[in-house]
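*Asks:* 1 is the number of the first residue of the sequence shown in the UniProt record's numbering; add one for each residue after it.
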Amino acid sequence: MILDIPNKTLTLLDGTNIPLVIVQEISPPMQGNESVDNYFEMIKVYVTALGVDLDNRDLKRTFFNNLLRENKKEVIRLGFEKPLNVVVKHLNRILSGFIDIEKFAFGSLKQGNDSIMDFYRKVKEYYKLLGNVEELHLKNHFIRGLSRDNQLEARRCRLDFQLDELVERLSALEDLTNQDK
């Protein structure tokens with residue numbers, strides 16, 4: 001047996017030449033400093049090279065693992081089970097502009113140093129005392145009174161959730177952030 005690397009052939013003892021196929025492992029792309037769109041384009045090339053579907057579970061995990069940390073948080077907020085096209089669209093929407101949080105234009109309670117859950121309890125108690133039970137007003141008051149950072153988190157989580165679900169997500173994000181401290 002003779003191995004001829006420059007000609008990419010393997011000659012067997014019987015004289016048969018077998019072409020060598022040298023396979024290079026393809027490393028998955030990383031987002032790095034790339035925009036989400038550019039990263040997604042790199043993922044599409046990677047998918048083509050691997051011959052898998054865009055919504056392949058392992059590919060989605062690779063996509064997630066190689067995102068920037070802030071974008072990983074956005075995927076968690078949206079839900080990992082969504083198709084990659086939906087995830088990319090969500091990331092672009094979040095990164096490209098703000099939802100009009102000013103439509104929630106009133107509020108006298110402020111979050112201050114309270115946790116999300118403590119502030120939510122105070123707002124609910126306040127609204128009970130006022131006799132106002134309409135959820136939209138409660139939601140508006142709650143969001144308007146949040147700290148600026150938490151208002152941004154609420155926007156990132158999507159303001160169209162029911163208030164209880166929004167509070168639950170904000171609280172989970174707050175817990176995750178507090179673990180970093």
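Glycine residues also receive a C-beta, built at the ideal position from the N, C-alpha and C atoms.
#1: Candidates LYS60, THR16, ARG69: which alpha carbon is nearest VAL86's?
#2: Work out the CA separation of GLU168 and ASN150 for me, nearest whole Å.
#3: For the structure I just gave you, are there three or more beta carbon pairs, one from the segment 61-70 and one from the segment 140-149, closer than 8 Å?
#4: Residues in its own chain within less than 7 Å of ILE94 by CB, not counting five upstream and five downstream?
#5: Where does ILE18 fall in DSSP's three states?
#6: What separation, rounded to the nearest whole angstrom, lies between the Cα atoms of ILE43 and ILE26?
#7: Could you name the residues of the same chain whose beta carbon sits closer than 7 Å to that of LEU166, not counting the 5 residues immediately before and after it, in chain order?
#8: Just to check my reading of the structure: GLN111 and ASN71 have Cβ atoms closer than 8 Å, yes? What is that Cβ distance to the nearest angstrom?
#9: Report the rounded CA-to-CA distance for TYR127 versus THR48, giving the unit in angstroms.
#10: So, at 6 Å on beta carbons, what are the nonlocal neighbours of SER171 in its own chain, with the 5 sequence-adjacent residues on each side left out?
#11: Let's test the definition: count the other Cβ atoms within 10 Å of the Cβ of LEU78 and tell me whether it reaches 16, buried, or not, exposed.
*Replies:* Working from what's here:
#1: Stepping through the sequence shown from its first residue, residue 86 is reached at position 86. Selection LYS60, THR16, ARG69 evaluated against VAL86 yields LYS60 as nearest (Cα-Cα).
#2: Here residue 150 corresponds to residue number 150 of the sequence shown, with the count starting at 1. Here residue 168 corresponds to residue number 168 of the sequence shown, with the count starting at 1. Whole-angstrom Cα-Cα distance: 13 Å.
#3: no
#4: Looking up residue 94 in the sequence shown gives position 94. Here the set comprises GLU74, ARG156.
#5: Start at 1 with the first residue of the sequence shown, and residue 18 comes out as number 18. In the three-state reduction of the DSSP assignment, ILE18 falls in the strand class.
#6: Here residue 43 refers to the residue found at position 43 when the sequence shown is read from its first residue. Here residue 26 refers to the residue found at position 26 when the sequence shown is read from its first residue. Distance between the alpha carbons of ILE43 and ILE26 is about 12 Å.
#7: Residue numbering aside, residue 166 sits at position 166 when the sequence shown is read from its first letter. Excluding residues within five positions, the ones whose Cβ falls inside 7 Å are ALA154, CYS157.
#8: Numbered from its first residue, the sequence shown carries residue 111 at position 111. Numbered from its first residue, the sequence shown carries residue 71 at position 71. Not confirmed; about 26 Å, so no contact.
#9: Against the sequence shown, residue 127 aligns to sequence position 127. Against the sequence shown, residue 48 aligns to sequence position 48. Here the alpha carbons of THR48 and TYR127 stand approximately 55 Å from one another.
#10: Here residue 171 refers to the residue found at position 171 of the sequence shown. ILE116, MET117.
#11: In the sequence shown, the residue the question calls residue 78 occupies position 78. With 16 or more Cβ atoms within 10 Å of its Cβ, LEU78 is classed as buried.
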